[in-house]
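S.K.: Those protein sequence lines, which keep their order, are chains R and B. Residues 9 to 334 (the working numbering) are what the first sequence spells out, left to right. Residues 9 to 334 (the working numbering) are what the second sequence spells out, left to right. Backbone N, C-alpha and C define an ideal beta-carbon position, used for all residues, glycine too.
Protein chains: 2
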Amino acid sequence: MNIYDIAREANVSIATVSRVLNDSGNVRDITRQKVEAVLKKYNYVPSAIARGMMTNSLKTIGIVTIDIRNLYYANVAHSIEQSLSVLGFNTILCNTGYDIEQKINYLRMLVEKKVDSIILVGSPFKDPNLDEPIEQISRNIPIIIVNGCYEHPNIYSVRCNDSKALEKCVEHLVSKGRRNFLYLYDAETFSGSQKLMGFKNAVSKHNVKSEIFLVKTGLDAAYNKVNELLESGFCFDAVLTSEDLTAIGALKCLTAHNINVPGEVSVMGFNNSVLSICCTPSLSTVDSKMEKLGRIAVKVLHKVLKGEKAESSTIIEAELVLRETT
Amino acid sequence: MNIYDIAREANVSIATVSRVLNDSGNVRDITRQKVEAVLKKYNYVPSAIARGMMTNSLKTIGIVTIDIRNLYYANVAHSIEQSLSVLGFNTILCNTGYDIEQKINYLRMLVEKKVDSIILVGSPFKDPNLDEPIEQISRNIPIIIVNGCYEHPNIYSVRCNDSKALEKCVEHLVSKGRRNFLYLYDAETFSGSQKLMGFKNAVSKHNVKSEIFLVKTGLDAAYNKVNELLESGFCFDAVLTSEDLTAIGALKCLTAHNINVPGEVSVMGFNNSVLSICCTPSLSTVDSKMEKLGRIAVKVLHKVLKGEKAESSTIIEAELVLRETT
DNA sequence: AAAATAGTTGAAAGCGCTTACAGCTTCGTA
DNA sequence: TACGAAGCTGTAAGCGCTTTCAACTATTTT
Numbered sequence: 009m010n011i012y013d014i015a016r017e018a019n020v021s022i023a024t025v026s027r028v029l030n031d032s033g034n035v036r037d038i039t040r041q042k043v044e045a046v047l048k049k050y051n052y053v054p055s056a057i058a059r060g061m062m063t064n065s066l067k068t069i070g071i072v073t074i075d076i077r078n079l080y081y082a083n084v085a086h087s088i089e090q091s092l093s094v095l096g097f098n099t100i101l102c103n104t105g106y107d108i109e110q111k112i113n114y115l116r117m118l119v120e121k122k123v124d125s126i127i128l129v130g131s132p133f134k135d136p137n138l139d140e141p142i143e144q145i146s147r148n149i150p151i152i153i154v155n156g157c158y159e160h161p162n163i164y165s166v167r168c169n170d171s172k173a174l175e176k177c178v179e180h181l182v183s184k185g186r187r188n189f190l191y192l193y194d195a196e197t198f199s200g201s202q203k204l205m206g207f208k209n210a211v212s213k214h215n216v217k218s219e220i221f222l223v224k225t226g227l228d229a230a231y232n233k234v235n236e237l238l239e240s241g242f243c244f245d246a247v248l249t250s251e252d253l254t255a256i257g258a259l260k261c262l263t264a265h266n267i268n269v270p271g272e273v274s275v276m277g278f279n280n281s282v283l284s285i286c287c288t289p290s291l292s293t294v295d296s297k298m299e300k301l302g303r304i305a306v307k308v309l310h311k312v313l314k315g316e317k318a319e320s321s322t323i324i325e326a327e328l329v330l331r332e333t334t
Numbered sequence: 009m010n011i012y013d014i015a016r017e018a019n020v021s022i023a024t025v026s027r028v029l030n031d032s033g034n035v036r037d038i039t040r041q042k043v044e045a046v047l048k049k050y051n052y053v054p055s056a057i058a059r060g061m062m063t064n065s066l067k068t069i070g071i072v073t074i075d076i077r078n079l080y081y082a083n084v085a086h087s088i089e090q091s092l093s094v095l096g097f098n099t100i101l102c103n104t105g106y107d108i109e110q111k112i113n114y115l116r117m118l119v120e121k122k123v124d125s126i127i128l129v130g131s132p133f134k135d136p137n138l139d140e141p142i143e144q145i146s147r148n149i150p151i152i153i154v155n156g157c158y159e160h161p162n163i164y165s166v167r168c169n170d171s172k173a174l175e176k177c178v179e180h181l182v183s184k185g186r187r188n189f190l191y192l193y194d195a196e197t198f199s200g201s202q203k204l205m206g207f208k209n210a211v212s213k214h215n216v217k218s219e220i221f222l223v224k225t226g227l228d229a230a231y232n233k234v235n236e237l238l239e240s241g242f243c244f245d246a247v248l249t250s251e252d253l254t255a256i257g258a259l260k261c262l263t264a265h266n267i268n269v270p271g272e273v274s275v276m277g278f279n280n281s282v283l284s285i286c287c288t289p290s291l292s293t294v295d296s297k298m299e300k301l302g303r304i305a306v307k308v309l310h311k312v313l314k315g316e317k318a319e320s321s322t323i324i325e326a327e328l329v330l331r332e333t334t
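Here's what the structure looks like:
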C-alpha cells in the first residue's frame, strides 16, 4: 500500500494525496474529503523513509548518554524525549558507558540515520578523540551538549552551574561549623571537573581543610572508601559528593560506625534524585535541575532547527535542597 | 556528497561502490582498495534513509515504555538498547506515561518510521483501545511485549513470573511468623495484576489475613497510606508492595511511628532496584531480572527477524533478595 | 463579456541508494 | 587452443515520497 494505491482509488494524482497528507498547498474541499476517505479506509500511514528521501530529515534526534540506569541521565533523557515528542520528533537513545570508541560508533550510526540533531548528555572532559568527529558532525547538523562545554559554531551547550553549586554546599556547611571536608567524586566528566573546581575554590576561600578522592560509581565504592578512611583514623566533619548514590554510600558507612549524621558529620549529595529521599536520614543534596536542563536543551535545539539564532551557551543555577543530613 | 560522487572519483560505477560499502557481491581487490581510499578520503557515510528505501528497514526498533525515570523501565530499556546495539540496531525510545492516547500516537510514529519491530515494556492490563492498533501493526512487524501477555500471531511475550514471586514472598514471611499482610500496589498493569493474583493465591493458601490497597506511584503516597492505616488502628505485621519505592514509603512511615522493622513488621519491595540498598534498614525485595528480561526480549526478536521460529511466550523466574527488612 | 487573477490539479523529475541482469574479463581444463 | 565457468563490473529500474512547473478551472475585476 503506497501513495499510488491511494491516488488511484481516490481518482486523483499522487501529488494531491501528498498535499492532503501534509496539509500543504491548496486542495479543494471536496477533493480533500475524497482522499481522506480512502486514507481512513485503509488506515494509511505514509512512509517516513520515503519522505525523508526528499526532505532529508526523519524528524528524529539522537541522544547520546552514559547510562540511562543512572537516575540523572534517566531524568534528563526523559525530559528531552518528552519535550521533543511535543514537537513531533522521535528520540534515538544511545547508552555509551564511558567507552569513547562506542560513543564514536553511535555517533556514526546517528549520522547514517540522518538525525536532525544530536544531544550529548554528560560528555567526558575534553577527549580529543571525540573532538574531531563531533566537530565534523556539527558541520552538517547542530549539536547540543548538556552538561558539557564546547566553544564551536553549531555546537550549543546547556549546563547547570555545578561549580557554583558546590560552592554553595561548602558555604552552607561552613555556616554549620564544619571545617574538615571530604569530597568524593565518581566520574571524570566535564560536570565532574566543574564540581571539583567549585569545591576547591570554596574550601580555599573559606580556609577550611579538605581531602579529595576519586571513587568508582556506586554505593559500595563510596562505602568502602569512607570505611578505609575512618579505620585509618582520618578525621572529617563533612562529606560532599558528586552524586547522591555516592553520598548514600558514605552515609551508610558513617551510620555503621555509629557516627551521628548530621550531629558529628554532615553529608551532602548531588542531583536530588529519588535516592535522596529513600535513605535515612534523608539526604541534603543539590537540585541539579535535570528536567529543566532537558527542556531548555530542546528549546535551544528547536530555535536552531527553525533557523533562529540561539544562545550558544546556557547556564542554569542549581539549588540546595536541605534535608536531614546537614 | 553521495554515492555518485564517490563512484566518479573512484572511476567505478555506483553499483561497485554499493558493493564495497555493504561488502556484498564480488569485487576485485584492487577495485575495492580504490573505492575504499575515496571513501576514507571523504569519511563517507552512506545514507541509511536511501538504503532504507530499498531494504525497507532502517535497522531501528521502537521501545515503548511508561517512564524511563522509573528504575525498572530504565533497567529493562538499557538492557534492550545494549543488546540491540550489538546487532547493529538503534532504539527509538518512547515514554508514554499511562496515557493510552499518547501510546497510540507513538505507535503510529514508529510505524511511519518503519521500525523493524516494537518492544512494549509494561503494557496496561488489557486495554481494548490498544488491542486493535497493536494487532494491526503485528501484521507487518513482530511485536515483543515485556511483562505483558498477548496471545496473537507475531506478538511475542517475555515476562517475569510475578505471581510466583509474590507467592514466594508471602511464603517467606509466613515462615517468619507473619500472619497479617498488607499489600500496596501502585499501577494497574499486566504485571501488577499478576502480582496481585499471586498475593491473593498465597494468602488464601496459607490462610492468613490480608488487606490490599491501590496507592499512587511514589514514596509519599505509600507513606501517607500507611500512616492513615496506622492512625486508624489497622493491624498488620507484614507489608508487601509491587515496587521498591512503595515499600520504602511504607518503611519510612513505620520507622517514623517507632515500629521496629523487621522486629514488629516485615517489609518487602519488588524489583531489587538500587533504591533497595539505599534505605535503612536495607530492603528485602524481589529480583525481577530486569537485565535478563531485556536480553531475552532481544534474543527472541533477533530470531524472529532472522525468520527463525521463536517461542511465543517466555517466562523467567524471579528470585527473592533478602536483606534487613524481613 | 472579456481579461486578469487566484485556486486547483497532474506530470514528471529526482532524493541516494540496492539489485537484477547483462556483458565483459579472466581462468581452468580438455 | 578453444571453450565453458566463474568472477567482476556497469546499466538501469525502482523504492515511495515531495515539489516544481505547467495547465487547467473557477472567481474576480474591469
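To which residues of the same chain is residue 265 of chain B closer than 7 Å at the C-beta, ignoring the five residues directly before and after it?
M.R.: In the second sequence, residue 265 of chain B corresponds to position 257, counting from 1. So the qualifying residues of the chain are 238.
S.K.: Chain R partners of residue 116 of chain B, CB-CB under 8 Å?
M.R.: Position 108 of the second sequence, counted from the first residue, corresponds to residue 116 of chain B. Under the 8 Å cutoff, chain R gives 53.
S.K.: Is there at least one Cβ from chain R nearer than 9 Å to residue 61 of chain B's Cβ?
M.R.: Here residue 61 of chain B is taken as the residue at index 53 of the second sequence, counted from 1. Output row for residue 61 of chain B: interface = yes.
S.K.: Would you mind sorting residue 45 of chain B into buried or exposed? The rule is 16 or more other CB atoms within 10 Å of its CB.
M.R.: Here the question's residue 45 of chain B lines up with position 37 in the second sequence. Label assigned to residue 45 of chain B: exposed.
S.K.: Hey, quick one: how far does the beta strand (DSSP E) through residue 189 of chain B stretch, first residue to last?
M.R.: What you label residue 189 of chain B is simply residue 181 of the second sequence in a count that begins at 1. Per DSSP, residue 189 of chain B belongs to the beta strand (DSSP E) from 188 to 193.
S.K.: So which residues of chain B does residue 75 of chain R contact, with C-beta pairs closer than 8 Å?
M.R.: By one-based count along the first sequence, residue 75 of chain R stands at place 67. Here the neighbours are 86.
S.K.: Going along the chain, which residues of its own chain have a beta-carbon closer than 7 Å to the beta-carbon of residue 92 of chain R, five neighbours each way excluded?
M.R.: One-based indexing of the first sequence puts residue 92 of chain R at position 84. Around residue 92 of chain R: 69, 99, 306.
S.K.: Assuming residue 217 of chain R is part of the beta strand (DSSP E), what are its boundary residues?
M.R.: By 1-based counting over the first sequence, the position of residue 217 of chain R is 209. Residues 217 to 222.
S.K.: Out of curiosity, what's the CA-to-CA distance linking residue 267 of chain R and residue 244 of chain R?
M.R.: What you label residue 267 of chain R is simply residue 259 of the first sequence in a count that begins at 1. What you label residue 244 of chain R is simply residue 236 of the first sequence in a count that begins at 1. Using only the alpha carbons, I get a separation of about 11 Å.
S.K.: Got a sec? Which residues, its chain only, sit under 8 Å from residue 326 of chain R by beta carbon, not counting five neighbours each side?
M.R.: In the first sequence, residue 326 of chain R corresponds to position 318, counting from 1. Once the five neighbours on either side are set aside, the close Cβ partners of residue 326 of chain R are 168, 169, 170, 172, 173, 176, 294, 295, 296, 297.
S.K.: Rounded to whole angstroms, how far is the Cβ of residue 123 of chain B from the Cβ of residue 149 of chain B, which I believe are closer than 8 Å?
M.R.: Your numbering for residue 123 of chain B matches position 115 in the second sequence. Your numbering for residue 149 of chain B matches position 141 in the second sequence. Confirmed, Cβ separation roughly 7 Å.
S.K.: Is residue 199 of chain R helix, strand or coil when you go by DSSP?
M.R.: Locating residue 199 of chain R in the first sequence gives position 191, where the first residue counts as 1. It is helical.
S.K.: Can you list the residues of chain B that residue 99 of chain R reaches, using a CB-CB cut of under 7 Å?
M.R.: In the first sequence, the residue the question calls residue 99 of chain R occupies position 91. Residues of chain B passing the Cβ test: 100, 101.
S.K.: Between the Cα of residue 49 of chain B and those of B:14, B:20, B:71, spot the shortest distance and give me the residue it belongs to.
M.R.: Residue 49 of chain B sits at position 41 when you count from the first residue of the second sequence. Measuring from the Cα of residue 49 of chain B, the nearest candidate turns out to be B:14.
S.K.: Go ahead and pull the three-state DSSP assignment for residue 286 of chain R.
M.R.: To locate residue 286 of chain R, count along the first sequence from 1; it is residue 278. Of the three classes helix, strand and coil, the one that applies to residue 286 of chain R here is helix, per DSSP.
S.K.: What would DSSP say about residue 33 of chain R, mapped onto helix, strand or coil?
M.R.: Taking the first sequence and counting its residues from 1, the one referred to as residue 33 of chain R is at position 25. In this structure, residue 33 of chain R counts as coil in the three-state DSSP scheme.
S.K.: Check distances from the C-beta atoms of the stretch 277 to 291 of chain R to those of chain B and list, in chain order, the residues that come in under 8 Å.
M.R.: Residues passing the 8 Å Cβ filter: 282, 283, 285, 286, 287, 288.
S.K.: Could you confirm whether any beta carbon from chain R is found closer than 9 Å to the beta carbon of residue 68 of chain B?
M.R.: Along the second sequence, one-based indexing puts residue 68 of chain B at 60. Output row for residue 68 of chain B: interface = yes.
S.K.: Measuring straight from C-alpha to C-alpha, what distance separates residue 286 of chain B and residue 290 of chain R?
M.R.: For the purposes of this step, residue 286 of chain B is taken as residue 278 along the second sequence, with counting starting at 1. For the purposes of this step, residue 290 of chain R is taken as residue 282 along the first sequence, with counting starting at 1. Going from the Cα of residue 286 of chain B to the Cα of residue 290 of chain R covers about 10 Å.
S.K.: Need the endpoints of the beta strand (DSSP E) that residue 77 of chain B sits in, please.
M.R.: Numbered from its first residue, the second sequence carries residue 77 of chain B at position 69. No beta strand (DSSP E) contains residue 77 of chain B, which DSSP labels as neither H nor E.
S.K.: Let me make sure I understand the geometry here. Which of B:199, B:200, B:209, B:193 has the alpha-carbon closest to that of residue 227 of chain B?
M.R.: Sequence index remark: in the second sequence, residue 227 of chain B carries index 219 (1-based). The candidate whose alpha carbon is nearest that of residue 227 of chain B is B:193.
S.K.: Within 10 angstroms of the Cβ of residue 94 of chain B, are there 16 or more other Cβ atoms? Answer buried if so, exposed if not.
M.R.: For the purposes of this step, residue 94 of chain B is identified with residue 86 of the second sequence, where counting begins at 1. The residue is exposed, with fewer than 16 neighbouring Cβ atoms inside 10 Å.
S.K.: Using DSSP's beta-bridge definition, name the partner residues of residue 327 of chain B.
M.R.: Taking the first residue of the second sequence as position 1, residue 327 of chain B is located at position 319. BP columns for residue 327 of chain B point to B:295.
S.K.: For residue 341 of chain R and residue 38 of chain B, what's the separation of their Cα atoms in angstroms?
M.R.: Outside the displayed span of chain R (9 to 334) sits residue 341 of chain R, for which this structure offers no information.
S.K.: Would residue 66 of chain B and residue 71 of chain R be called neighbours here (beta carbons separated by less than 9 Å)?
M.R.: For the purposes of this step, residue 66 of chain B is taken as residue 58 along the second sequence, with counting starting at 1. For the purposes of this step, residue 71 of chain R is taken as residue 63 along the first sequence, with counting starting at 1. No. Outside cutoff.
S.K.: Quick one: is residue 139 of chain B buried, meaning 16 or more other Cβ sit within 10 Å of its Cβ, or exposed?
M.R.: As a first step, residue 139 of chain B is located in the second sequence; it is residue number 131 there, counting from the start. Result: exposed.
S.K.: Count the other CB atoms, across all protein chains shown, that sit within 10 Å of the CB of residue 30 of chain B; report buried if there are 16 or more and exposed otherwise.
M.R.: Against the second sequence, residue 30 of chain B aligns to sequence position 22. When all chains shown are included, residue 30 of chain B counts as exposed.
S.K.: By a C-beta neighbour count over all protein chains shown, 10 Å radius and 16 as the cutoff for buried, is residue 32 of chain R buried or exposed?
M.R.: As a first step, residue 32 of chain R must be located in the first sequence, where it is residue number 24. Residue 32 of chain R should be labelled exposed.
S.K.: Going straight from the alpha carbon of residue 76 of chain R to that of residue 16 of chain B, what length do you get?
M.R.: Translated into positions along the first sequence, residue 76 of chain R becomes position 68. Translated into positions along the second sequence, residue 16 of chain B becomes position 8. For residue 76 of chain R and residue 16 of chain B, the distance between alpha carbons rounds to 44 Å.
S.K.: Just to confirm my understanding: we take residue 97 of chain R, look at its own chain, exclude 5 residues before and 5 after, and list those with CB closer than 8 Å. What are they?
M.R.: Here residue 97 of chain R corresponds to residue number 89 of the first sequence, with the count starting at 1. Within the same chain, residue 97 of chain R has close Cβ partners 67, 68, 69, 124.
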